[in-house]
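S.K.:
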């Protein structure tokens, strides 16, 4: 069984080799297809709340307020 290595366990040359192997193994079409799929992702659709604007607003208000009880602080506002 392969052992998990973190990025800090790899040398710069090893990281470059992994990146090259990844890029060579995938065509531009693979990346374009992936980008198209994720660019249309809607988390509200995933949880069945597409047409519930009041709940969207409540969620966004909660998650964007750094004083609420979530672990993000003001990071979401700064991104």
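Numbering (this note's numbering), first residue to last: 3 to 81. Just so you know, even glycine gets a beta-carbon here, dropped at the ideal spot from N, CA and C.
1. Whole angstroms are fine: how far does the CA of residue 67 sit from the CA of residue 48?
2. Can you tell me which of 61, 52, 37 puts its alpha carbon nearest to the alpha carbon of residue 44?
3. Would you kindly check if the distance between the Cβ of residue 65 and the Cβ of residue 72 is under 8 angstroms?
4. My output table needs one value for residue 35: the three-state DSSP class, helix, strand or coil.
5. Between which two residues does the alpha helix (DSSP H) carrying residue 61 extend?
6. Quick one: grab the DSSP three-state call for residue 122.
M.R.: According to the data block:
1. 23 angstroms
2. 52
3. yes
4. helix
5. 55-66
6. Since the first residue of the chain shown is 3 and the last is 81, residue 122 is not available in this structure.
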